[in-house]
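J.: Read left to right, the sequence shown gives residues 2 to 273 (the numbering used here).
One structure follows; several queries about it will come next.
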Amino acid sequence: MNFRRSTNAFYVFVLGTFLAVRGASGTEIFIYHPGLNEVPLTLAKKLIVHGEIFFNRLSPSTFPSYNDLSGPADVWNFGFQNYFPITKTTTLMAQLVTHDDGRQRTKFDWHFHFRQAIVDNLVVLIGHDSDHDSEHTSRLRGKLYYTNRNYIGVGIPVEGRNFYVEPFTWFFHHSNQRAYLDLTGECLRQEYGLRASVWTKEGISAHAQAVFQTVKIFSLGQAFMGELIIRLRLASWLELSLGGSVWTDIEPSALGVKQSFHKISWGIAVPF
């Protein structure tokens, strides 16, 4: 990489830093990996795992630590993402995110999904999320509570030479996550939104997603989640990461409460 290209990459990274303040977050951390299914299990005759390990400091952060959205704010997130390409059109994904308030682990979140391309620009998604408190017991309406989400949906991916865009929606079944950030609403029935990534030859990439949560199919929804992550590749095995997330009520709950959480994340990722 010559000096001019390095300088341009630096300016893009600084610009991304500025934009990240306006970012937000969802259950799956969205990082797009071009060419993920080029050598799947069916061709390699062995399971090849792609993914990354990540370490993030959160500052500032108002995201609460526990499932019932109580407790001190998150200070650290650690975890990993694993992608298992089965065929050129089939992928399994697993993600773990641990939460830390600066003194102790407070929660760990699992995410799994199965992704199957049906035709060009159409995929079926089947997913599961479960979040578990550590050293704490969350309660909701007097009962023990941990977030449990199961869904099936579709995505419409469009990929170019240096960009990726995917509108998506999924519908929940046997799930207990409730609307509004005070958790006083009905159980969620649908999420829908948009994911997008862009990348450059200089090793700069940006990954964003916006998600609406609703208890009524195809309505505006009760809450919004958004996320933007900027990556700068330093080596094939190391990337700097900077991101921003927000989770906010769109309208007040039945109790007249309207809340919002936000965080800025600073860290590294180790791809493999």
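For every residue, glycine included, the Cβ atom is placed at its ideal position computed from N, Cα and C.
It should be emphasised that the depicted structure is a prediction, and the values quoted were computed from it without experimental measurement.
1. For Pro158, which of Pro253, Arg116, Phe56 has the nearest alpha-carbon?
2. Apart from the five residues just before and just after Gln191, which ones in its own chain have a Cβ nearer than 6 Å to its Cβ?
3. How about Phe55 and Gly268: do their beta carbons lie closer than 9 Å?
4. Excluding sequence positions up to five away, which residues of its chain have a Cβ less than 8 Å from the Cβ of Thr107?
5. Let me confirm a value: Ile30 is counted as buried when at least 16 other C-beta atoms fall within 10 Å, else exposed. Which label applies?
6. If I follow the unbroken beta strand (DSSP E) through Thr99, where does it start and stop?
7. Can you look up Ala255 in the DSSP assignment and give me helix, strand or coil?
8. Thinking C-alpha only, which one of Thr201, Arg179, Ser266 is nearest Ser254?
9. Could you tell me the alpha carbon to alpha carbon distance between Leu233 and Ala207, rounded to whole angstroms?
10. Among the residues of its own chain, which have a CB less than 6 Å from the CB of Lys264, if the five just before and after it don't count?
11. Who are Leu195's beta bridge partners in DSSP?
12. I need the boundaries of the alpha helix (DSSP H) containing Thr43, first residue and last residue.
13. Given this structure, state the Cα-to-Cα distance separating Lys47 from Ile87, to the nearest angstrom.
14. Can you say whether Arg140 is buried or exposed, counting buried as having 16 or more other CB atoms within 10 angstroms of its CB?
15. For Ser198, count the other beta carbons within 10 Å of its own beta carbon; 16 or more makes it buried, fewer makes it exposed. Which is it?
16. Look at the Cβ atom of Asp121, then the Cβ atom of Thr28, and state whether they are nearer than 9 Å.
17. Give me the residue from Ala211, Tyr181, Thr185, Asn177 with the minimum Cα distance to Tyr193.
18. Helix, strand or coil for Tyr181, going by three-state DSSP, please let me know.
19. Mind reading off the beta-carbon distance from Tyr152 to Ser131? Whole number of angstroms is fine, and I expect it under 8 Å.
20. Apart from the five residues just before and just after Ser261, which ones in its own chain have a Cβ nearer than 6 Å to its Cβ?
21. With 16 other CB atoms within 10 Å as the buried threshold, where does Ser266 fall?
T.: Looking at the coordinates:
1. Translated into the one-based positions of the sequence shown, residue 158 becomes position 157. Checking every option, the nearest Cα to that of Pro158 belongs to Arg116.
2. The count along the sequence shown starts at 1 and reaches residue 191 at position 190. Apart from the 5 residues on each side of it in sequence, Gln191 sits with its Cβ closer than 6 Å to the Cβ of Phe172, Thr215, Ile218 in its chain, given in chain order.
3. As a working mapping, residue 55 is identified with position 54 in the sequence shown. As a working mapping, residue 268 is identified with position 267 in the sequence shown. Between Phe55 and Gly268, the CB-CB gap stays under 9 Å.
4. Within the sequence shown, the letter at position 106 stands for residue 107. Take Thr107, set aside five residues on each side of it, and the residues of its chain with a beta-carbon closer than 8 Å to its own are Ser66, Tyr67, Gly72, Pro73, Asp75, His100, Asp101, Asp134, Ser135, Glu136, His137, in chain order.
5. Reading the sequence shown from its first residue, position 29 is the one you call residue 30. Ile30 comes out buried.
6. Counted from its first residue, the sequence shown places residue 99 at position 98. Counting along the chain, Thr99 sits inside the beta strand (DSSP E) bounded by residues 91-101.
7. For the purposes of this step, residue 255 is taken as the residue at position 254 of the sequence shown. Residue state, collapsed to three classes: coil.
8. Here the question's residue 254 lines up with position 253 in the sequence shown. Answer by Cα proximity: Arg179.
9. As a working mapping, residue 233 is identified with position 232 in the sequence shown. As a working mapping, residue 207 is identified with position 206 in the sequence shown. Distance from the CA of Leu233 to the CA of Ala207, rounded to the nearest whole angstrom, comes to 9 Å.
10. Position 263 of the sequence shown holds residue 264. Contacts found: Leu59, Ser62, Phe64, Ser246.
11. Position 194 of the sequence shown, counting from 1, holds the residue named residue 195. In the DSSP secondary-structure assignment, Leu195 is bridged to Pro168, Ala211.
12. Residue numbering aside, residue 43 sits at position 42 when the sequence shown is read from its first letter. Where Thr43 is concerned, the enclosing alpha helix (DSSP H) stretches over 42-45.
13. Taking the first residue of the sequence shown as position 1, residue 47 is located at position 46. Taking the first residue of the sequence shown as position 1, residue 87 is located at position 86. Answer to the nearest angstrom: the Cα atoms are 9 Å apart.
14. Position 139 of the sequence shown, counting from 1, holds the residue named residue 140. Flag for Arg140 reads exposed.
15. Residue mapping note: residue 198 aligns to position 197 of the sequence shown, counting from 1. Under this definition Ser198 is a buried residue.
16. Working through the sequence shown from its first residue, we reach residue 121 at position 120. Working through the sequence shown from its first residue, we reach residue 28 at position 27. Not a contact, by the Cβ cut-off of 9 Å.
17. For the purposes of this step, residue 193 is taken as the residue at position 192 of the sequence shown. Of the listed residues, the one whose Cα sits closest to Tyr193 is Ala211.
18. The residue you call residue 181 lines up with position 180 of the sequence shown. Per DSSP, reduced to three states, the secondary structure at Tyr181 is coil, with no helix or strand assignment.
19. Here the question's residue 152 lines up with position 151 in the sequence shown. Here the question's residue 131 lines up with position 130 in the sequence shown. That belief does not hold up - the Cβ atoms of Tyr152 and Ser131 are roughly 12 Å apart, past 8 Å.
20. Numbered from its first residue, the sequence shown carries residue 261 at position 260. Excluding positions up to five away in sequence, the list reads Thr249.
21. Within the sequence shown, the letter at position 265 stands for residue 266. Per the 10 Å Cβ criterion, buried.
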